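Chains as they are written, first to last, in the UniProt record's numbering: chain A, 1 to 414; chain B, 1 to 414.
2 protein chains.
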Amino acid sequence: MKAYRDLSPSPRTIMTPGPVEVDPRVLRAMSFPILGQFDPEFTALMNETMGMLRQLFMTGNEWAFPVDGTSRSGIEAVLASLIEPGDKVLVPIYGRFGHLLTEIAKRCGAEVVTLEKEWGFVFDIEEIVSAIKQHRPKLVAIVHGETSTGRMQPLEGIGQVCREVDALFVVDAVATIGGVEVATDRLLIDAVIGGTQKCLSVPAGMAPITYNKRAESKLQGRKKIERGLMLDGGEDDPLLRPIQSNYLDLSQLQDYWSPDRLNHHTEATSMLYALREGLRLVLEEGLEARFARHRANEVALIAGVEAMGLRLYGDPACKMPVVTCIEIPEGIDGESVRSMLLDHFGIEIASSFGPLKGKIWRIGTMGYSCSKRNVLLTLGALEAVLLRHGHKLDAGLGLQAAMDAYGMNAAVHS
Amino acid sequence: MKAYRDLSPSPRTIMTPGPVEVDPRVLRAMSFPILGQFDPEFTALMNETMGMLRQLFMTGNEWAFPVDGTSRSGIEAVLASLIEPGDKVLVPIYGRFGHLLTEIAKRCGAEVVTLEKEWGFVFDIEEIVSAIKQHRPKLVAIVHGETSTGRMQPLEGIGQVCREVDALFVVDAVATIGGVEVATDRLLIDAVIGGTQKCLSVPAGMAPITYNKRAESKLQGRKKIERGLMLDGGEDDPLLRPIQSNYLDLSQLQDYWSPDRLNHHTEATSMLYALREGLRLVLEEGLEARFARHRANEVALIAGVEAMGLRLYGDPACKMPVVTCIEIPEGIDGESVRSMLLDHFGIEIASSFGPLKGKIWRIGTMGYSCSKRNVLLTLGALEAVLLRHGHKLDAGLGLQAAMDAYGMNAAVHS
């Protein structure tokens with residue numbers, strides 16, 4: 001019989017756009033013994049998590065809870081619960097994850113209208129606004145931060161127009177939540193999906209979402225209760241067009257997260273412990289301070305990369321603060337560089353997808369991975385690896401520029 | 001600002017039919033730092049997990065991997081991937097989770113034919129076989145162990161008939177896997193769903209599944225590749241009836257778990273660590289020894305419960321070895337008993353659903369919770385709590401009977 005060895009993962013500095021390193025406090029939280037799903041001690045932890053999620057999403061919404069799956073389960077829960085077959089849905093696409101929204105919306109039976117922007121750029125608000133006015137969709141879905149291209153779409157003004165045409169406004173903030181402001185209420189966003197494994201520094205496996213009364217009234221109109229939970233056996237309403245997923249049915253998930261605690265799935269205890277601890281860390285740091293930390297490390301990383309003579313990819317006006325995309329220099333094998341970084345320095349950076357495959361590297365500065373130490377170690381390692389690949393650059397400049405950005409000076413011992 | 005305190009869950013003896021206590025080795029595995037999802041060290045752990053799942057499912061299937069969600073996400077992944085709208089699906093129902101299979105199949109657009117059995121009993125194989133021959137469904141889905149009623153359905157002979165009529169045979173083994181034999185290949189089951197939080201003693205949040213070539217050929221015929229991953233932008237096949245979920249699309253999950261590692265979700269790292277460790281524990285104990293341990297503790301629990309004068313619920317011929325259902329005695333408030341057990345003894349037992357709500361208690365003996373210590377502590381506490389509720393019983397008999405069943409004798413010191 002094959003022997004499976006003790007788990008013993010190598011130490012890693014994870015500088016990808018997710019998953020990133022997990023705060024040791026979050027790792028420790030997952031090692032606590034579990035509680036039963038309806039143990040009052042556990043449901044109290046669920047309620048606390050909802051309270052903290054409201055602060056994270058900057059919302060007064062009643063509903064803010066995690067879906068038990070990775071980020072795209074949250075996206076699909078929102079879209080499957082809000083889209084009825086035949087609904088017109090508008091998706092402005094400016095990278096891979098816009099395509100994902102489109103693909104999920106189509107599988108929900110939507111008639112999807114897309115706008116497409118060349119990768120590396122984002123939309124002018126006016127382009128989105130006029131498309132909404134022209135197509136009058138039932139729902140507009142857009143990505144806030146596109147990790148595939150490292151761009152961030154401004155969202156100001158879209159929510160107002162959605163209300164004018166009675167459309168729901170859904171934002172995929174998987175890659176920005178916890179690292180960049182996601183002002184759910186101020187921006188009039190009806191439903192937001194966040195990610196755990198990026199700026200929250202919690203492992204993948206949960207998708208925090210929030211939605212308001214406008215979204216709730218749509219999904220409540222499609223509600224169904226499981227036959228096996230009814231006392232009388234019940235009967236289906238033949239006119240109902242139920243949500244096509246049971247697992248991702250927000251009307252059922254909402255009942256599970258409500259004081260009624262109507263049985264649905266078995267809440268993922270250890271992941272809930274992890275999310276709760278990750279949210280405590282966010283609130284202890286403070287949202288503003290956390291966003292400032294992400295910006296400061298971005299500035300230093302950019303300074304270092306440019307001082308090394310490397311070129312940033314994409315329109316700088318819409319650069320995502322937590323992802324920095326670098327053009328792979330002519331003649332350099334991007335995958336060989338990545339392998340040398342991982343295998344010998346224990347540092348992971350990312351490649352990209354589709355049309356950008358082999359053309360750019362992506363460096364994430366997210367959550368617990370977003371630290372001065374990690375930025376400095378990564379710049380030093382990248383320089384050495386590029387030199388070892390025969391790339392010409394002035395050694396030393398990258399780190400010195402980053403150290404300037406951080407305002408580092410040698411200690412003076414009098 | 002509200003203060004959220006350090007996580008500090010109270011110690012619990014969890015004797016429900018799931019979630020149950022998690023082995024400390026599994027808890028420790030979750031506290032290890034994470035690896036990136038395409039880090040070769042991590043994909044090697046994914047492959048090892050697949051290898052161990054094949055042993056758990058007693059199968060030579062190529063595909064055996066976890067879906068990143070709780071158990072019902074695995075059920076929905078299998079049904080949504082294998083059922084096309086209009087397909088006739090047969091579901092023999094003998095408890096709550098048969099209703100769940102029905103409800104999910106309907107949401108997949110199936111024309112569902114059900115057989116219903118009074119709760120507390122299971123079907124004669126001949127009833128199922130003749131229904132298959134009569135209705136000639138495209139798919140037959142059945143629950144192996146119904147935790148709602150504590151019954152286990154024999155499965156011998158169903159697989160053969162499914163092949164005769166060219167139906168796929170799907171088994172929900174969420175509550176039995178790891179505690180009772182689930183002989184996937186011998187029983188000719190085409191797809192099986194297991195659960196983590198029951199007899200595997202891993203937290204909820206993953207759903208291990210396996211399926212064979214017959215199932216694979218059905219789902220491969222419905223395959224779709226995400227636009228954002230294609231180099232050329234691609235075009236949809238207009239004749240394709242794609243799987244209605246993206247998140248739970250097994251054709252995409254399979255590519256992610258294949259050597260191609262085609263990007264889909266971000267694998268839930270810490271849960272994968274947990275599942276891998278849980279499977280190592282199962283294989284170290286050995287399947288046969290593990291099943292025997294579950295039977296031995298069941299025998300002692302039953303002996304104790306009956307010696308206390310309590311009556312078991314349901315047909316004993318089809319009792320599920322890992323769940324013991326007890327009729328709540330006349331005049332006793334079942335919820336008050338459960339609360340006293342939880343609040344003062346730190347022991348959790350379960351109530352039930354639908355028609356059995358308030359009528360039975362359910363005691364699980366699953367995985368790490370399935371131990372002599374836990375059975376003895378639970379019997380002692382239950383006796384004391386029943387006495388405190390004014391129930392008449394002969395004190396002491398329950399534990400003595402269980403100790404007899406375990407063959408416990410006082411040590412003789414010469």
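Note that beta-carbon positions come from the ideal geometry of N, C-alpha and C, so glycine has one too. As the structure is a computational prediction, the values presented were derived from the model and not from experiment.
C-beta atoms of residue i and residue j nearer than 9 Å
i	j	result
residue 198 of chain A	residue 282 of chain A	no
residue 127 of chain B	residue 115 of chain B	yes
residue 101 of chain A	residue 129 of chain A	no
residue 316 of chain A	residue 275 of chain A	no
residue 150 of chain A	residue 71 of chain A	no
residue 32 of chain B	residue 351 of chain B	no
residue 212 of chain B	residue 61 of chain B	yes
residue 78 of chain B	residue 112 of chain B	no
residue 338 of chain B	residue 326 of chain B	no
residue 89 of chain A	residue 138 of chain A	yes
residue 245 of chain A	residue 248 of chain B	yes
residue 379 of chain B	residue 308 of chain B	yes
residue 122 of chain B	residue 154 of chain B	yes
residue 206 of chain B	residue 66 of chain B	yes
residue 7 of chain A	residue 284 of chain B	no
residue 318 of chain A	residue 152 of chain A	yes
residue 273 of chain A	residue 263 of chain A	no
residue 341 of chain A	residue 332 of chain A	no
residue 53 of chain B	residue 42 of chain B	no
Beta-ladder partner(s) of residue i, from DSSP
i	result
residue 90 of chain A	A:113, A:140
residue 169 of chain A	A:140
residue 152 of chain A	A:145
residue 312 of chain B	B:326
Among the options, nearest to residue i - alpha-carbon criterion
i	options	result
residue 386 of chain A	A:355, A:354, A:335	A:335
residue 218 of chain A	A:111, A:167, A:309	A:167
residue 87 of chain B	B:97, B:106, B:381	B:106
residue 268 of chain B	B:22, B:161, B:30	B:30
residue 367 of chain A	A:332, A:103, A:84, A:24	A:24
residue 196 of chain B	A:353, A:393, A:35, A:266	A:266
residue 147 of chain B	B:174, B:6, B:223	B:174
residue 296 of chain A	A:154, A:406, A:398	A:406
residue 391 of chain A	A:383, A:397, A:398	A:383
residue 221 of chain A	A:204, A:242, A:152	A:242
residue 75 of chain A	A:170, A:400, A:347, A:306	A:170
residue 303 of chain B	B:15, B:5, B:358, B:403	B:403
residue 94 of chain A	A:163, A:354, A:398	A:354
residue 345 of chain A	A:293, A:12, A:6, A:5	A:12
residue 252 of chain B	B:51, B:54, B:80, B:132	B:80
residue 187 of chain B	B:157, B:178, B:214, B:164	B:157
residue 19 of chain B	B:64, B:372, B:364, B:39	B:364
residue 305 of chain B	B:394, B:290, B:347	B:394
residue 216 of chain B	B:254, B:132, B:398, B:347	B:254
residue 200 of chain A	A:176, A:223, A:214, A:185	A:176
(request) Enumerate, from N- to C-terminal direction, the unbroken alpha helix (DSSP H) stretches of 4 or more residues contained entirely within the segment 314–388 of chain A. (result) 334–345, 372–388
(request) May I have a chain-ordered list of the beta strand (DSSP E) segments no shorter than 3 residues that lie completely inside the segment 13–91 of chain A? (result) 63–67
(message) Taking beta-carbon pairs under 7 Å, can you tell me which members of the segment 23–52 of chain A lie near chain B?
(response) 27, 28, 29, 30, 31, 32, 33, 34, 35, 36, 37, 39, 41, 48, 51, 52
(request) Mind listing, in chain order, the continuous beta strand (DSSP E) runs of no fewer than 3 residues lying wholly within the segment 166–221 of chain A? (result) 168–173, 191–194, 207–211
(message) By the 9 Å beta-carbon criterion, what residues does the segment 240–260 of chain A contribute toward chain B?
(response) 242, 243, 244, 245, 246, 247, 248, 249
(message) Short of 7 Å Cβ to Cβ, which residues in the segment 186–202 of chain B face chain A?
(response) 197
(request) Could you pull out every unbroken alpha helix (DSSP H) segment of at least 4 residues lying fully inside the segment 249–301 of chain A, listed in chain order? (result) 250–257, 269–285
(message) To be precise: take each residue of the segment 91–111 of chain B, compare its Cβ to all Cβ atoms of chain A, and keep it if any distance is under 9 Å. Which residues remain?
(response) 93, 95, 96, 97, 98, 99, 100, 102, 103, 104, 106, 107, 108, 109
(request) Please name the residues in the segment 306–339 of chain B whose beta-carbon is closer than 8 Å to at least one beta-carbon of chain A, in chain order. (result) none
(request) Name, going along the chain, the residues of the segment 377–407 of chain B whose beta-carbon falls closer than 8 Å to a beta-carbon of chain A. (result) none
(message) Give me the subset of the segment 55–73 of chain A whose CB atoms are less than 9 Å from a CB atom of chain B, sorted by chain position.
(response) 55, 67, 68, 69, 70, 71, 72, 73
(message) Short of 8 Å Cβ to Cβ, which residues in the segment 9–23 of chain B face chain A?
(response) 9, 10, 11, 12, 14, 16, 18, 19, 21, 22
(request) Using a Cβ-Cβ cut-off of less than 8 Å, list which residues of the segment 351–376 of chain A approach chain B; keep chain order. (result) 353, 354, 355, 357
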